[in-house]
Structure formats: structure tokens, C-alpha cells
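Chemist: Structure in C-alpha cells, see below.
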Amino acid sequence: MQLHTALGGMLTLMAVASAALAQTLPQTPGPKNAITDVPGIEVGHYTASSGSGGMTGTTAVIARGGATAGVTQRGGAPGTRETDLLRSEKAIGTAHAVVLSGGSAYGLAAADGVMTCLESQGVGMPVANGAIVPIVPSAILFDPGRCAPFNFRPDASFGTNACRAATNGPVQMGNVGAGAGARSGGVKGGVGTASAVLSNGVVVGAIVAVNSAGRTFDAVTGQFFAGYTLGNSDAAVATALAAPEAQRDELLRATTIAVVATNVRLTKAQANKLAQMADDGLARAIRPAHGIGDGDTVFALATGTMTETPNITQIGAAAADALSRAIIRAIVAADGIHVSACNVDSYCDLFPQRCRH
Amino acid sequence: MKPSRLCAVVLPLLAVTTGSAWAQAPGQHNAITDVPGISVGHFTGGDAGTTVVLAVGPTGQGVAGGVTQRGGSPGTRETDLMRPDNLVEIMNAIVLSGGSAYGLAAASGVMRCLEDRGVGFPVGGGNVVPIVPTAVSFDRATCGGPAASRPDFAAGLQACLAATGGAVEQGNVGAGSGGVSGGVKGGVGTASVVLPNGIIVGALVSVNSEGAAYDGDGDLYAAPLELGNEFRALTKAGGHRHRIPPNLAGGPLRSGTNAVVATNVQLTKSQATKIAEMADDGVSRAISPAHTAGDGDTLFVLGTARLAMATLGDESAVVTQIGTAAANAVSRAIVHALLSAKSTSCQPSYCEAFPSACRNRR
Numbered sequence: 329m330q331l332h333t334a335l336g337g338m339l340t341l342m343a344v345a346s347a348a349l350a351q352t353l354p355q356t357p358g359p360k361n362a363i364t365d366v367p368g369i370e371v372g373h374y375t376a377s378s379g380s381g382g383m384t385g386t387t388a389v390i391a392r393g394g395a396t397a398g399v400t401q402r403g404g405a406p407g408t409r410e411t412d413l414l415r416s417e418k419a420i421g422t423a424h425a426v427v428l429s430g431g432s433a434y435g436l437a438a439a440d441g442v443m444t445c446l447e448s449q450g451v452g453m454p455v456a457n458g459a460i461v462p463i464v465p466s467a468i469l470f471d472p473g474r475c476a477p478f479n480f481r482p483d484a485s486f487g488t489n490a491c492r493a494a495t496n497g498p499v500q501m502g503n504v505g506a507g508a509g510a511r512s513g514g515v516k517g518g519v520g521t522a523s524a525v526l527s528n529g530v531v532v533g534a535i536v537a538v539n540s541a542g543r544t545f546d547a548v549t550g551q552f553f554a555g556y557t558l559g560n561s562d563a564a565v566a567t568a569l570a571a572p573e574a575q576r577d578e579l580l581r582a583t584t585i586a587v588v589a590t591n592v593r594l595t596k597a598q599a600n601k602l603a604q605m606a607d608d609g610l611a612r613a614i615r616p617a618h619g620i621g622d623g624d625t626v627f628a629l630a631t632g633t634m635t636e637t638p639n640i641t642q643i644g645a646a647a648a649d650a651l652s653r654a655i656i657r658a659i660v661a662a663d664g665i666h667v668s669a670c671n672v673d674s675y676c677d678l679f680p681q682r683c684r685h
Numbered sequence: 142m143k144p145s146r147l148c149a150v151v152l153p154l155l156a157v158t159t160g161s162a163w164a165q166a167p168g169q170h171n172a173i174t175d176v177p178g179i180s181v182g183h184f185t186g187g188d189a190g191t192t193v194v195l196a197v198g199p200t201g202q203g204v205a206g207g208v209t210q211r212g213g214s215p216g217t218r219e220t221d222l223m224r225p226d227n228l229v230e231i232m233n234a235i236v237l238s239g240g241s242a243y244g245l246a247a248a249s250g251v252m253r254c255l256e257d258r259g260v261g262f263p264v265g266g267g268n269v270v271p272i273v274p275t276a277v278s279f280d281r282a283t284c285g286g287p288a289a290s291r292p293d294f295a296a297g298l299q300a301c302l303a304a305t306g307g308a309v310e311q312g313n314v315g316a317g318s319g320g321v322s323g324g325v326k327g328g329v330g331t332a333s334v335v336l337p338n339g340i341i342v343g344a345l346v347s348v349n350s351e352g353a354a355y356d357g358d359g360d361l362y363a364a365p366l367e368l369g370n371e372f373r374a375l376t377k378a379g380g381h382r383h384r385i386p387p388n389l390a391g392g393p394l395r396s397g398t399n400a401v402v403a404t405n406v407q408l409t410k411s412q413a414t415k416i417a418e419m420a421d422d423g424v425s426r427a428i429s430p431a432h433t434a435g436d437g438d439t440l441f442v443l444g445t446a447r448l449a450m451a452t453l454g455d456e457s458a459v460v461t462q463i464g465t466a467a468a469n470a471v472s473r474a475i476v477h478a479l480l481s482a483k484s485t486s487c488q489p490s491y492c493e494a495f496p497s498a499c500r501n502r503r
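Structural data, given as C-alpha cells:
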């Protein structure tokens, strides 16, 4: 009897504790509603147009002061650099930038340009003889050959230019940087960003280049799968339009790549956990996600300006929602491309009622 | 069971085991290029460089591969796609490079070289994306100054254009140009073995290790694995040593022994990954300590598919056989690297540091 009472009390306590843990804190978007709301994070895009409707580019997310970093890589066709060193048991815990690029595996060259740019600015890990090595993990997406020659692709100079353009100001979305040539489930993809400021002062931000085989919205109504994360700002407006199916090449060769960041001080293992939870935001916003032809990779950066003991579950939940919102904002911000034979509708071309503002 | 009967049972087993070991011999060049479909090119630029291992399958496409990454300070490209659960099953080249993380740029030059030849993963419209996993190491043989150059796009392109079959240059070349190993000069080494059933296994390493490849007496740990007279009358060091500088400070990104193993057997990605794990034991046996926090140690495996797995017998037994041979080939390649390396102005070679061990070498 007594044992039962004690057990019951314990269970109640545990229920209360887990409810408190799981509860997401009240939150509002930061002033820029961008990953640059996280102190210590800068973003730079470099975008190139082929003139024939083709676009590609590079987005550099820079943590000049260094950030504890993690990654999760769940898509089946990745193109990556420096993800091994991000594993929790490896010695290097700090990254100075994450580079997202178009160009398939060729686009990994953009990280070279970001490395030399940061080196020239004295940003990197000190090694022997006063030399530094910037730690610059990178992931790419597949956009070559879309309305442009196959060799229209980012190289090292794209990284240099994206790095030089980096600021902590507002972040341009849509057909820019790594998302310039992106497509998503039959419509134009692109770059999106979002942020959340939690009531305890934690700031979480996300930036994403959406280039997915899966779709982000209901094909008939246009309602975003993860629209609930936007709050009341996205009132449902039903339409009878059906969205086009993704092309076969998009199904086979896609990739959504993202960075989430927070101002909280995390260990490397916690940063890896944060990346894993944030990846759920990708799963909720894109269906299907993490397919065999997707290279889906999500990085996490913790700049550590806030040193309170982190509640990783709250931060992870906020990061997942921020990533979902960034994905929706990418799709809404993307412009259709209509240049001679090159025609890709945007989401807003298909569902103008939802994009009036 | 009486002891005598136990012996009677055990001895024939031992005889079978050692007998099969004796039946092994190095291939024609005692190099990874003894594996059909494998060619090697070096680019040496002062105290840093790049080595590329090109792999071509029987019908001209790439080959299945696997990787293990156990050092604590890796610098890598495209290792995620090598995981067996990921899509791409053909690797076109492996790049080993100096230059620390900057040296990852060399892979882009190799990609250009291969794209120009139409070699890569087909992505429609006749276009290809060459699959070029890469690992780098930190050049420490710079005698206190900064590296005169670091491998870049052009270094990868040149290494790829230089790739050939046949004998492979060892020592202060390619990715091993800036290597240091336990206070003596590191470098590139290679070795191969031909098994009685026709399996060929080759290894190429770039030795740049925080740990040493020799014991307290100066004897190379892996010297007893010699096949034939491949180490050319290497003898005991007897503890006699000359001017070995203290090993350079370790720490994140400071070193890294990277390796490529190739076999002529057709492998799945999972089998290649398992063989990589076993082959990595060859690093453990030849260098102590290995896989430290400051080492980037990464090992790749390629199967060039000239022999169908089904013709060789039980798959698990064959994988074990290849993995065992690969580990030994990696260890032997590390010995070759140390014996081939030449002294620099600040780093003695192994043979300069332990002249007794090398006194009979021709």
C-alpha cells in the first residue's frame, strides 16, 4: 500500500518533470527572423546566373569566433566535407563556417574559397608555426544542368565571394546562394531562414537550401505540411489548383541542406544532438524526406554567448520548428523562372492567394 | 585427452595455417598497382604533395569502396557517401593529400581530370560526377617554417594526369612529402600480396604519425611481417641510434596516417567497409600509439571486381581472408615508407637514425 503510494508519487513527479522538459517555451521570431539573430552568426550569399535561366550559388554561414558544431547526415546521396571531424569523439570541437553550395560534388570546391577568405582574416584554428586552419564543413546539393550547361557550377571563387559578402544583417531568401538553382517537389526551391527567441533568452536560428524530391505542401490546397509552425500568420486559403509532379531527375537527385544555430554554449555531443532534433523539422516540412536520392544534411552551430546550462530538448524543439519555418519561407520567397525554354513555376505562381502579402 | 593427443590434433592445424601464410608472395611490383584496375599518381611540391589512387572496374566504371575513420583529427571529403546505406556504389579515385584541410582542394583537381575523361557517376545527359573521397594530413616536415606550398586544385590535377600502373615511387613523394613519424621522416609506402586462390591485395599509405613505427630498441614493429626479402636485409637496430629529434608536439590536426587498400575481388560497400576495419589493424600493429586524438588516420578500401565473390567460396571467409591480408599489407607498406624516406634538413630518415638496422641493406 505504502509502496504503491510512493510509486504513484514518483510517477507523478516524473510526469510533471517530463512535461516541463518537453514543453516548448513561449517564443517569438527574432528582429530579423533570420539565423543572423543568433549572436556570432553571419551569412553571405554568392549567386550566379547563366543567362539562359540557370542559376547556382554558394551560401556561407560564418561563426567568426568559432562555434561548437555537430551534424546529422540522413539523405542517401550526400556530398560532404569535414563531417567526420564533427563526430562527438573527434578532437576538433570548433567550426568557423559551414558552406552550402549548388554544383553537386563539384561544388565542394566552394569551401576552399571560404577557407582562404577566413585564413586571410585570421579566422581559424591555431596550428604549428603561427599558421591557422579554418574548420569549414560543407554540403552540396544537385542543381547542375538545369537551364544551363552542366559545368555551370560553383568553384572556389564562389566561396571567397560568399565569405566576403557575409554580414550579421537581414538575410536574403529565395533564388540566392546555395538555393539559386534549387527545385522542390515540382516548384522552385530556394534559400529560407527563420529564428526564434525563447522566453529564457535562448536564440535559435535556421537557414536552409531547399532542393527536395519531396513536396512541402498539399498539392491541391497548397497548405504547407508544417504550416502549423508559422502560428496564425498563414491562414488557410483553399484552392482547386493542383501542383505539378516533380520531374524524374528531381526525384533521383535532390538534397535539402541546412544549418541551425543557437547562442547557447553546448558540448560537441549536444551540438550533434541538436542537429538530430532539428532534422525532425525537415521531416515534418518535406514529404518524403531523406530519400535515397537526397543528400539531406543538417549542421548545428552553438556560438556559446549564453553560458547557462542548456535544456537541449527545448533548444532542439525550437530548432526543428525554426527549420520547418525556414523551409516554408524558402518556398514562398522563391521566384519562378521563365526564360525562353526554361520554365519553373514558383509556389506563389501556383497559389497566388496564399502569397498576396 | 592426453597432452600428446592434443598436440597431434593441434600441429596439423598449425601446419595448415602457417603453410597458407608461406604461400603468399608480393605481386610483381609489390605495390597497390599490382591490383588490376589500380593506377597511382604523385604530385610533389616541395614539402607537401598529393597522391591519387585511380580505380577502374572491368567495364570502365568505378568500383565499390568502404572507409574507416578512426583518427581523432580527420580532414575528409565524401566519406558520408561511402556508408553502405547511402546510394553511390562506385568510387573513381581516392585522394590522399598533405596541406591539412586546405589540401582537400586537391580533390577538385582530380574531379576535373576525371570529368574531362568522362569518368564518374552518370547523372544523365552524358554528364558525370566523379566520386573522389579524400583524406588529408598535416605536413610537419617543414623544419620550423611554414610549408612552402600547399596542395591545391592544380596539385590534384597533376597527380591524376601522372597516374600510371607499374612501380610506385615511395618515400618523400606525393601525400607523404611532409610526413613525420615518431621523430623520423615519414612518407609514402606501398606493398602487395598475391594469395594462392588468385586474390590480390595491395596497400598504399602516407605515414605521418604522432606515434612511432619502431620500438624502444629501434626495431620496426612490422618488420617480422616481411614477405620474401622485400625489406632488403633489414636487421636489428640493437638500440643504437643517432640524432632523433624529439617528436613534434601532437594535438588536433597535427598528423595523420592515411591509407588505401585495393583488391581484385568484387565487393559490396558493406564488405569493403568491413575490410577497411580489418585493414586498419595493420596501422595499429605498425605504429604505436595509433589513432590518437591528433591523428587523422583514415583508411579507404576499393574492390576492382576482376574476381567474382561467388567463385571464391564462403563470403565471410573471403572477406576475412582479404581483411587479414590487407592488414599485413598496410603494415608492410608502412615499413616500406619508413625505409624509403630520405632525411631532410631537420628530420633524419629511419635508416639515418638507426644505422645498425640498415647496415646490410643494398
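Chains as they are written, first to last, in the numbering used here: chain X, 329 to 685; chain Z, 142 to 503.
Just so it is clear, CB atoms sit at the ideal spot from N, CA and C, and this is done for glycine as well.
For Arg402/X, which residues of its own chain have a beta-carbon under 7 Å away from its beta-carbon, when the five flanking residues on both sides are left out?
Modeler: Residue numbering aside, residue 402/X sits at position 74 when the first sequence is read from its first letter. The residues are Asp607, His618, Asp624.
Chemist: Can the beta-carbon of Gly213/Z be found less than 8 Å from the beta-carbon of Ala603/X?
Modeler: By 1-based counting over the second sequence, the position of residue 213/Z is 72. By 1-based counting over the first sequence, the position of residue 603/X is 275. Contact flag unset, no.
Chemist: Just to make sure I have the definition right: I need the residues of chain X whose C-beta is within less than 8 Å of the C-beta of Thr485/Z. Which are they?
Modeler: What you label residue 485/Z is simply residue 344 of the second sequence in a count that begins at 1. Here the premise fails: no neighbours, minimum Cβ distance about 15 Å.
Chemist: Does any C-beta atom of chain X lie closer than 8 Å to the C-beta of Arg258/Z?
Modeler: As a working note, residue 258/Z is residue 117 in the second sequence. With 8 Å as the cut-off, Arg258/Z does not count as an interface residue toward chain X.
Chemist: Let me know the beta strand (DSSP E) ranges lying completely inside the stretch 355-418 of chain Z, each 3 residues or longer, listed in chain order.
Modeler: 399-406, all fully within the stretch 355-418 of chain Z.
Chemist: Would you mind stating whether Val325/Z and Gly315/Z have Cβ atoms separated by less than 8 Å?
Modeler: Start at 1 with the first residue of the second sequence, and residue 325/Z comes out as number 184. Start at 1 with the first residue of the second sequence, and residue 315/Z comes out as number 174. No, the pair does not count as a contact, with Cβ atoms beyond the cut-off.
Chemist: So Arg392/X is in the alpha helix (DSSP H); what residue range does that whole segment cover?
Modeler: Along the first sequence, read from residue 1 onward, the residue named residue 392/X stands at position 64. Run containing Arg392/X: none in the alpha helix (DSSP H); it sits in the beta strand (DSSP E), 383-401.
Chemist: On the CB-based measure, 16 or more other CB atoms within 10 Å of its CB, does His383/Z come out buried or exposed?
Modeler: What you label residue 383/Z is simply residue 242 of the second sequence in a count that begins at 1. With fewer than 16 Cβ atoms within 10 Å of its Cβ, His383/Z is classed as exposed.
Chemist: Can you round the beta-carbon distance between His477/Z and Ala248/Z to whole angstroms, since I take them to be within the 8 Å contact cut?
Modeler: Indexing the second sequence from 1 puts residue 477/Z at position 336. Indexing the second sequence from 1 puts residue 248/Z at position 107. Actually they are not in contact, since the Cβ atoms of His477/Z and Ala248/Z sit about 25 Å apart, beyond 8 Å.
Chemist: Whole angstroms is fine: what's the gap from Val532/X's alpha carbon to Ala541/X's?
Modeler: Here residue 532/X refers to the residue found at position 204 when the first sequence is read from its first residue. Here residue 541/X refers to the residue found at position 213 when the first sequence is read from its first residue. Roughly 27 Å between the two C-alpha positions.
Chemist: On the CB-based measure, 16 or more other CB atoms within 10 Å of its CB, does Val548/X come out buried or exposed?
Modeler: Within the first sequence, the letter at position 220 stands for residue 548/X. With fewer than 16 other Cβ atoms within 10 Å, it is exposed.
Chemist: Using a beta-carbon distance below 8 Å, is Met232/Z in contact with chain X?
Modeler: Taking the first residue of the second sequence as 1, we reach residue 232/Z at position 91. So no, Met232/Z is outside the interface.
Chemist: Grouping DSSP H, G and I as helix and E and B as strand, with all else coil, what is Arg409/X?
Modeler: Counting from 1 along the first sequence, the entry for residue 409/X is found at position 81. Three-state DSSP puts Arg409/X in a strand.
Chemist: Please state if the CB of Asp546/X and the CB of Gly487/X are separated by a distance shorter than 8 Å.
Modeler: In the first sequence, the residue the question calls residue 487/X occupies position 159. In the first sequence, the residue the question calls residue 546/X occupies position 218. It is not a contact, given that the beta carbons lie outside the stated cut-off.
Chemist: Please compile the residues from chain X whose C-beta is within a distance smaller than 9 Å of the C-beta of Val264/Z.
Modeler: If you number the second sequence from 1, residue 264/Z lands on position 123. Within chain X, the residues near Val264/Z are Ser432, Phe470, Pro472, Gly473, Phe478, Asp577, Leu580, Arg581.
Chemist: Beta-carbon within less than 6 Å of Ala449/Z's beta-carbon, same chain only, minus the 5 sequence neighbours each way: which residues are those?
Modeler: For the purposes of this step, residue 449/Z is identified with residue 308 of the second sequence, where counting begins at 1. Answer for Ala449/Z: Gln407, listed in chain order.
Chemist: Counting along the chain, where does the beta strand (DSSP E) carrying Cys670/X start and finish?
Modeler: Translated into the one-based positions of the first sequence, residue 670/X becomes position 342. 670-672 is the span of the beta strand (DSSP E), which, as asked, contains Cys670/X.
Chemist: On the DSSP letters alone, give me the boundaries of the alpha helix (DSSP H) that His477/Z sits inside.
Modeler: By 1-based counting over the second sequence, the position of residue 477/Z is 336. Start and end: 456-481.
Chemist: Less than 7 Å between C-beta atoms, sequence neighbours within five positions excluded: which residues of the same chain meet that for Thr567/X?
Modeler: Start at 1 with the first residue of the first sequence, and residue 567/X comes out as number 239. Reliability of the predicted coordinates at Thr567/X is poor, the pLDDT of 49 falling under 50, and the value obtained from them is presented with this limitation in mind. Cβ within range, chain order: Thr549, Gly550, Phe679, Gln681.
Chemist: Inspect the beta-carbon positions of Gly385/X and Thr396/X and report whether they are closer than 8 Å.
Modeler: Locating residue 385/X in the first sequence gives position 57, where the first residue counts as 1. Locating residue 396/X in the first sequence gives position 68, where the first residue counts as 1. Their beta carbons are not under 8 Å apart, which means Gly385/X does not touch Thr396/X by this criterion.
Chemist: Is there at least one Cβ from chain X nearer than 8 Å to Glu219/Z's Cβ?
Modeler: As a first step, residue 219/Z must be located in the second sequence, where it is residue number 78. Chain X, which has a Cβ nearer than 8 Å to the Cβ of Glu219/Z, makes this yes.
Chemist: Secondary structure at Phe514/Z, three-state DSSP: helix, strand or coil?
Modeler: No information on residue 514/Z is available, as it lies outside the stretch 142 to 503 that chain Z covers here.
Chemist: May I ask you to list the residues that DSSP assigns as paired with Ser299/X?
Modeler: What the structure shows of chain X is the stretch from 329 to 685, and residue 299/X is not part of that stretch, so it cannot be assessed.
Chemist: Does the structure place the stretch 503-516 of chain X close enough to the stretch 550-559 of chain X that three or more beta carbon pairs sit under 8 Å?
Modeler: Contact between the stretch 550-559 of chain X and the stretch 503-516 of chain X is absent, because fewer than three Cβ pairs lie under 8 Å.
Chemist: Is it the case that the stretch 263-277 of chain Z contacts the stretch 428-448 of chain Z, given that we only count it when at least three CB pairs across the two stretches are under 8 Å?
Modeler: Judged by Cβ distances under 8 Å, the stretch 428-448 of chain Z makes contact with the stretch 263-277 of chain Z, as three or more pairs qualify.
Chemist: Classify Ser416/X as buried or exposed, calling it buried when 16 or more other Cβ atoms lie within 10 Å of its own Cβ.
Modeler: The sequence position of residue 416/X within the first sequence is 88, counting from 1. Under this definition Ser416/X is an exposed residue.
Chemist: At 8 Å on the CB atoms, spell out the chain X contacts of Arg281/Z, in chain order.
Modeler: Residue numbering aside, residue 281/Z sits at position 140 when the second sequence is read from its first letter. Within 8 Å Cβ-Cβ: Ala456.
Chemist: By the 10 Å Cβ neighbour count, where 16 or more other Cβ atoms means buried, how is Lys377/Z classified, buried or exposed?
Modeler: Translated into the one-based positions of the second sequence, residue 377/Z becomes position 236. Its Cβ having fewer than 16 others within 10 Å, Lys377/Z is exposed.
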